[in-house]
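A.B. asks: Okay, here's the structure, questions in a sec.
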Amino acid sequence: MPFTIATWNINSIRLRLPIVERVLRERQPDVLCLQETKCIDELFPFEPLAAAGYPHVLINGQKGYHGVATISRRPIALLETRQFCGIADSRHLSARLSAGGLDILLHNFYVPAGGDEPDPEINPKFRHKLGFVDEMRAIPATSGDSAASILVGDLNIAPLEHDVWSHKQLLKVVSHTPVETESFEAMRLGGNWVDLMRQLVPADEKLYTWWSYRARDWAASDRGRRLDHIWSSANLSGRLTGIDVLREARGWERPSDHVPVIARFDLD
DNA sequence: ATGGTTGCCAAGCAA
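What follows is the structure in structure tokens.
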């Protein structure tokens, strides 16, 4: 049995509990990292997730906005919930679990979207996003003989040309501006993180995890972006056996605008 | 160039 980990910006856990249960039932990931749960901790749906086989649930929620949760079939321990840029948003949760004899440090991130105007001087939300990515430099991929790291989440940046439907048309659109993509890649490489999706999908192939709600026909226009990511330390990247982007989930009833991404590893 | 949709929670704000 491989070890599998999934990430999904769910855009309200309570509204979309039925499709979360569907993914858990059909794909049975060992761990699912959720972002934008939009749910205070007291209202989090622990019981249905436990009934689905996921009794280990770690949450960092807030009212109405943001919020991350990491749910697991196997025991998992909360490490910390970090703040970034001195702003008390619920955008991070780290945890420790064991798989294949490895002690795995797992980060679940929801990076700020950054607003519409890609100018940090006039747009505080964009300034926050750039500062947030800068602060992520303090979280490198730690590893050792029996230790490894995984970082997943909605990172709200599509770094490569073919991570967006039109590189040229998105160069001035927040999520794909050079100031974002360059600092994003520098942060990833400086932290020794491996981009696992692109390890298996060639850089010249289009790859998206998000399609706007505003499209008349998201599938026909297919104007997507790869905003969701799975990274690992180098000692785990060699154990990666597969990546699934569940594009079909964008067409389900009451969908999130993001779809689940699942990584499979040759670990038990 | 503009507006297009969704969710929170009950008016805009954020995405």
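Count along the first sequence starting at 1, add 60, and that's the number in our numbering.
Positions of the beta carbon are idealized from the N, C-alpha and C atoms, including for glycine.
What does Gln95 pair with, by DSSP beta-bridge criteria?
C.D. replies: Position 35 of the first sequence holds residue 95. Gln95 is bridged to Asn69 and Val128.
A.B. asks: By Cβ distance below 6 Å, which residues in the same chain neighbour Leu306 in space, the five residues on each side in sequence not counted?
C.D. replies: Taking the first sequence and counting its residues from 1, one reaches residue 306 at position 246. Within the same chain, Leu306 has close Cβ partners Val319 and Pro320.
A.B. asks: Using 10 angstroms around the beta-carbon of Glu240, count the other beta-carbons present and answer buried if the total reaches 16, otherwise exposed.
C.D. replies: Working through the first sequence from its first residue, we reach residue 240 at position 180. Answer is buried; the Cβ neighbour count reaches 16.
A.B. asks: What residues in its chain sit with their C-beta under 8 Å from that of His116, if we drop five residues either side in the sequence?
C.D. replies: Looking up residue 116 in the first sequence gives position 56. Excluding residues within five positions, the ones whose Cβ falls inside 8 Å are Ile131, Ser132, Arg133, Arg134, Pro135 and Ile136.
A.B. asks: Sorted by chain position, which residues of the same chain lie with C-beta nearer than 8 Å to Ser243's C-beta, five sequence neighbours on each side aside?
C.D. replies: Working through the first sequence from its first residue, we reach residue 243 at position 183. Leu190, Val193 and Asp194, listed in sequence order.
A.B. asks: Using CA coordinates, which residue listed in Ala148, Glu181 and Leu75 is at the minimum distance from Pro172?
C.D. replies: In the first sequence, the residue the question calls residue 172 occupies position 112. Considering only alpha carbons, the answer is Ala148.
A.B. asks: Is it buried or exposed, Ser316, if we count other Cβ atoms within 10 angstroms and call 16 or more buried?
C.D. replies: Here the question's residue 316 lines up with position 256 in the first sequence. Buried: at least 16 other Cβ atoms inside 10 Å.
A.B. asks: Can the beta-carbon of Ser292 be found closer than 7 Å to that of Val254?
C.D. replies: Taking the first residue of the first sequence as 1, we reach residue 292 at position 232. Taking the first residue of the first sequence as 1, we reach residue 254 at position 194. Yes, Cβ-Cβ distance for Ser292 and Val254 is below 7 Å.
A.B. asks: According to DSSP, is Ala112 part of a helix, a strand, or is it coil?
C.D. replies: Counting from one through the first sequence, the residue named residue 112 turns up at place 52. Three-state result, Ala112: coil.
A.B. asks: Anyone know if the C-beta pair for Thr64 and Ile322 falls short of 7 Å?
C.D. replies: Taking the first residue of the first sequence as 1, we reach residue 64 at position 4. Taking the first residue of the first sequence as 1, we reach residue 322 at position 262. In this structure, Ile322 lies closer than 7 Å to Thr64 by Cβ.
A.B. asks: For Trp291, does the three-state DSSP call read helix, strand or coil?
C.D. replies: Position 231 of the first sequence holds residue 291. In the structure shown, Trp291 sits in a strand (DSSP, three-state: E or B).
A.B. asks: Return the first residue and the last residue of the beta strand (DSSP E) that Gly302 is part of.
C.D. replies: For the purposes of this step, residue 302 is identified with residue 242 of the first sequence, where counting begins at 1. Segment Leu300 to Val305, the beta strand (DSSP E) holding Gly302.
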